[in-house]
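See structure below.
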């Protein structure tokens with residue numbers, strides 16, 4: 063079929079007016095779409111360029127003298143990681159090939175020099191030769207002679223062993239035609255650099271899954287005689303995180319395509335170099351329903367805990383060709399910010415968390431071990447949970463039917479008892495506060511009685527946000543907003559891989575190997591729930 067932009071006047075002659083009008087409309091729509099994509103690309107380049115300039119100003123304006131040794135170390139690592147990530151994003155936006163810094167780069171003068179790979183490391187040779195070694199020149203076809211080779215070495219790792227890939231590219235020449243043929247090099251996440259994809263993945267998994275800081279990775283690698291400065295490791299992770307951004311956008315679209323969504327947030331300290339200390343940031347987690355057949359989670363690193371952050375995330379559109387705002391049932395706790403989130407889009411329904419209601423009575427019992435109200439409340443809630451555990455394997459329709467028949471009477475009895483006890487206690491007391499939490503949230507708490515797909519609590523999302531709490535104890539704080547966002551990208555994918563039954567290292571290694579040549583139109587094939595190993 064002839065392309066619209068190739069049509070000439072003579073091609074339109076004889077066509078019905080409505081056909082010509084339809085073709086003109088199609089061409090106008092295409093031009094508008096292309097114009098929108100160009101504007102989106104230009105805006106992205108402008109944003110990244112601004113962030114690079116901001117990073118340089120941050121770098122030279124930071125009050126490092128007031129930082130502790132731990133803060134200063136993370137600040138230096140974050141600079142290297144952020145700069146590599148932004149540079150990779152800028153190259154992607156401009157359609158340029160990824161290139162390592164040149165020796166003349168002013169910034170490179172302060173970076174560690176690349177040292178030769180140790181001779182004692184095992185070498186795995188990969189020979190790349192043309193399929194046809196006859197001269198390709200028209201009218202010739204004579205056999206060519208091998209006249210040399212180019213050798214590149216990339217450092218890779220398997221558990222407890224470093225080894226080196228030797229890529230040997232044979233050169234084949236035709237003497238009579240002066241023709242040279244050589245196999246093209248396969249694209250890599252870091253073209254022209256030292257690390258193979260496996261080493262980049264190992265560095266990222268160690269950092270974001272095992273929560274091993276870069277300075278400790280540097281010491282671990284040094285035990286094998288391999289020199290990998292922490293700034294170099296940070297740079298590798300930065301470029302790896304930038305490569306995963308299109309996949310993260312697709313994962314976000316997948317998670318937000320669900321009708322029942324869980325949400326939760328947790329604080330993460332973030333380094334503030336301008337003040338020489340840390341400030342509080344937050345990670346928001348959004349997970350598909352607890353009973354969803356295809357699980358998935360996505361994280362959003364934000365500077366605060368206000369309602370504007372979840373509102374922007376649930377309504378944000380990463381695709382310049384269009385998208386939709388999420389609408390459905392949101393399972394969350396009673397944090398006030400969620401009220402604005404629910405009102406931001408028509409059709410959003412609030413579902414409460416029984417675990418949070420139970421927690422109020424548990425805290426009351428720990429403060430006052432003789433609280434009869436807390437004891438009774440915990441016993442009544444325990445009866446509901448015992449039945450819910452039995453319903454976990456049922457279908458949504460079966461679960462709803464069983465809830466109507468068995469648990470709804472327990473909920474109704476609990477409600478009557480809560481109101482009766484509330485009338486007996488004084489306003490402002492600890493017991494009154496515990497009772498008020500459940501009574502004020504009663505409509506949301508009982509949403510599960512109207513929808514079998516809704517869980518009784520938000521523990522599903524709280525479990526998925528727990529890795530951030532574990533990492534927080536290991537690396538203490540995020541180095542910057544960009545570093546936090548990069549961690550959210552990587553952890554969204556590896557945690558989703560884990561809950562889909564995949565080994566995160568195997569998943570990330572295969573994905574980063576395939577991404578440089580994978581079609582963007584087929585990016586969903588690499589999402590954790592769709593992923594199948596290439597070999």
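Residue numbers (our numbering): 63 to 597.
All C-beta atoms in this analysis are idealised placements derived from N, C-alpha and C, irrespective of residue type, glycine included.
All figures in this text were calculated on a predicted structure; none of them were measured in a lab.
Just to confirm, are residue i and residue j a CB contact at a threshold of 8 Å?
i	j	result
residue 468	residue 443	no
residue 357	residue 367	no
residue 415	residue 520	yes
residue 260	residue 525	no
residue 360	residue 313	yes
residue 293	residue 139	yes
residue 310	residue 554	yes
residue 241	residue 199	yes
residue 324	residue 523	yes
residue 147	residue 303	yes
residue 406	residue 446	no
residue 353	residue 362	no
residue 479	residue 508	no
residue 308	residue 585	yes
residue 369	residue 343	no
residue 217	residue 274	no
residue 562	residue 591	yes
To which residues of the same chain is residue i closer than 7 Å at the C-beta, ignoring the five residues directly before and after it?
i	result
residue 298	252, 257, 262 and 265
residue 167	Confidence at residue 167 is low in this model, with a pLDDT of 47, below 50, so the placement of that residue is unreliable and no value is reported for it.
residue 283	290
residue 488	494
residue 583	none
residue 183	224, 225 and 226
residue 545	140, 143 and 144
Let me know the secondary structure DSSP gives residue i once reduced to three states.
i	result
residue 585	helix
residue 394	coil
residue 194	coil
residue 42	Residue 42 is absent from the model: the chain starts at 63 and stops at 597.
residue 593	coil
residue 515	coil
residue 466	helix
residue 379	Confidence at residue 379 is low in this model, with a pLDDT of 43, below 50, so the placement of that residue should be treated as unreliable; the coordinate-derived value is given next. Three-state result, residue 379: coil.
residue 138	helix
residue 360	strand
residue 350	strand
residue 274	coil
residue 388	coil
residue 156	helix
residue 167	Any reading at residue 167 is ruled out, since the residue's pLDDT is 47, under 50, leaving its predicted position unreliable.
residue 94	helix
residue 334	strand
residue 455	coil
residue 235	strand
residue 323	strand
Output needed for residue i: all residues of its chain with C-beta closer than 6 Å, excluding positions within five of it in sequence on either side, in chain order.
i	result
residue 204	197
residue 577	305
residue 382	Residue placement at residue 382 is poorly supported in this model, since its pLDDT is 45, which falls under 50; the coordinates still yield a value, given next. For residue 382, where only same-chain residues beyond five positions count, the Cβ hits under 6 Å are 98, 99 and 102.
residue 453	461 and 464
residue 81	none
residue 377	387
residue 513	none
residue 114	148
residue 300	143, 146 and 147
residue 318	388
residue 329	342 and 344
So residue i packs on residue j, CB below 8 Å; how close in whole Å?
i	j	result
residue 211	residue 230	5 Å
residue 213	residue 322	Not quite, the Cβ-Cβ distance comes to about 55 Å (not below 8 Å), so this is no contact.
residue 296	residue 153	With a Cβ gap of about 18 Å, residue 296 and residue 153 do not count as contacting.
residue 566	residue 209	Not confirmed; about 45 Å, so no contact.
residue 364	residue 346	6 Å
residue 391	residue 516	6 Å
residue 396	residue 418	7 Å
residue 413	residue 502	In fact, because the Cβ distance is near 15 Å, the residues do not count as touching under 8 Å.
residue 531	residue 540	Residue 531 to residue 540, Cβ: 13 Å. No contact.
residue 108	residue 191	About 45 Å; that fails the 8 Å criterion.
residue 436	residue 426	4 Å
residue 277	residue 269	Not confirmed; about 11 Å, so no contact.
residue 529	residue 568	Rounded, the Cβ-Cβ distance is 18 Å, inconsistent with contact.
Taking 7 Å as the cut-off, does the CB of residue i come closer than this to any heavy atom belonging to the ligand GDP?
i	result
residue 375	Looking for the ligand GDP in the displayed structure turns up nothing, as the structure carries no ligands at all.
Please list, in chain order, all residues of the same chain as residue i whose beta carbon is under 8 Å from its beta carbon, the five residues on each side excluded.
i	result
residue 560	566
residue 111	152
residue 440	420, 423, 424 and 427
residue 150	160, 300, 301, 304 and 305
Minimum length 3: unbroken beta strand (DSSP E) runs contained in the region 203-231: 207-220
Contiguous alpha helix (DSSP H) assignments of at least 4 residues, all confined to the region 240-274: 259-270
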